[in-house]
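Residue numbers for the sequence shown follow my numbering, beginning at 56 and rising by one.
These notes concern the structure reproduced below.
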Amino acid sequence: MRAGDAARWTAALLVATLGLAGCHLIKSPPQPPPTTPPHFVLGGSYQADGMWFYPRPQFDLDETGLAVVTTRTSGLTADGEAADPTALAAAHPTLPLPALARVTNLDTGLQVLVRVNDRGPGRRGRMMALTPRAIALLGGGGATLLRVRMQVVEPESRQMAAELTAVEAPPVPIAAAPPGEVKAEALAPPPGIRQAAARPLATGPLQKSVAAASAGAPVPLRLPEQVWQGPPHPGALYVELATFSKLAAAEDMRRRFARLGAQTSTSYEAPRESAYRVRIGPLPDVAAADAALTRALAAGVADPRILVE
């Protein structure tokens with residue numbers, strides 16, 4: 056190698072070495088993912104476990120179904136709150152977030168208020184997910200599945216929505232909750248928990264410990280642990296295919312899905328638009344309800360659900 060070539064080679068090697076050293080020196084440490092403060096979330100439609108869900112601002116929802124234990128124990132909920140398995144919180148597939156809801160264990164009659172702040176449970180046939188603490192206060196013991204009624208508390212839920220800034224967050228990954236059987240006993244609330252007399256769903260401000268000292272005060276992020284004892288209402292399982300305002304439409308659907316065991320029933324307590332119901336049941340257990348739900352989906356039913364009645 057000639058002297059000039061050697062010099063140029065040495066210079067190029069030095070530049071490359073300095074460049075590598077420079078890259079090493081300016082390398083930044085990994086940054087944590089950005090977070091947002093608690094915010095109002097509705098979001099668009101999404102699919103989970105083969106079913107489509109359509110979030111909507113439904114502040115008067117009153118429904119029965121199966122509740123499972125939430126799988127989210129850390130990180131942030133869909134509305135930006137810190138996930139806490141020891142709090143009275145819940146996940147729901149379509150409610151506006153956050154919302155306040157009264158949940159009743161239909162087998163024990165025990166009731167608690169929960170803050171609905173997450174999407175889930177992401178499994179067909181499951182109405183909502185509850186934290187382990189909420190399950191325990193409802194008398195679930197070590198159960199992973201409860202038959203429950205959920206009633207949204209409308210005034211406070213609307214207030215919570217009005218107080219927070221709306222954020223259209225990206226879809227949150229939803230982990231499927233493990234399957235399980237209904238296990239519940241008429242257990243007393245855990246020691247140290249205040250027990251209050253059962254009363255109808257609130258139509259105005261809740262008790263001071265829940266909604267603070269005056270009407271319109273913010274609902275706390277962490278709800279106090281209160282348990283109400285109401286009468287048990289154990290019910291049978293059904294798969295509801297659809298509801299109608301007119302009997303002729305309900306009968307038409309019943310004939311289309313007669314091979315699945317569909318029947319038409321009437322509810323005089325339901326709103327007029329859902330007075331006529333097409334459903335399968337009663338079903339003997341959760342496994343049978345899950346199987347009927349799967350058959351309904353395969354047959355083309357758009358939005359079947361498991362309910363307790």
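Ideal placement from N, C-alpha and C gives every residue a C-beta, glycine not left out.
No experiment lies behind these values; they were computed from the predicted model shown.
When rounded, the separation of the alpha-carbon atoms in Asp115 and Val96 is 17 Å. The alpha-carbon of Leu131 is positioned some 10 Å away from that of Pro92. Every beta strand (DSSP E) stretch that sits fully inside the segment 112 to 161 and reaches 3 residues is listed by chain position as 117 to 124, 144 to 146 and 154 to 160. When only Cα atoms are considered, Ala354 and Ala313 end up about 11 Å apart. Here the segment 344 to 359 does not lie against the segment 271 to 283, with fewer than 3 beta-carbon pairs under 8 Å apart. Under DSSP, Glu295 takes part in a beta bridge, and its partners are Arg334 and Arg360. Going by DSSP, Ala325 is part of no beta strand (DSSP E) at all; its letter is neither H nor E.
According to the DSSP assignment, Leu200 belongs to no alpha helix (DSSP H) but to the beta strand (DSSP E) extending over Leu200 to Val207. The criterion of a C-beta distance shorter than 9 Å is satisfied by Leu296 and Pro359. Here Ala184 carries a strand assignment [DSSP, helix/strand/coil]. Annotated three-state conformation of Asp104 is coil, per DSSP. The beta carbon of Thr321 lies closer than 7 Å to those of Ala330 and Tyr331 in the same chain, with the five residues before and after it left out. The Cβ-Cβ distance between Gly120 and Val341 does not fall below 9 Å. In the three-state DSSP reduction, Ala272 falls in the coil class, being neither helix nor strand. Nearest C-alpha to Val207 among Met183, Gly197 and Arg188: Met183. Thr163 sits in coil when the DSSP states are folded into three classes, being neither helix nor strand. Gly290 is a Cβ neighbour of Arg202, given a cutoff of 9 Å. Counting of Cβ neighbours within 10 angstroms places Glu324 among the exposed residues, the total staying below 16. For Val341, the enclosing alpha helix (DSSP H) starts and ends at Val341 to Ala353.
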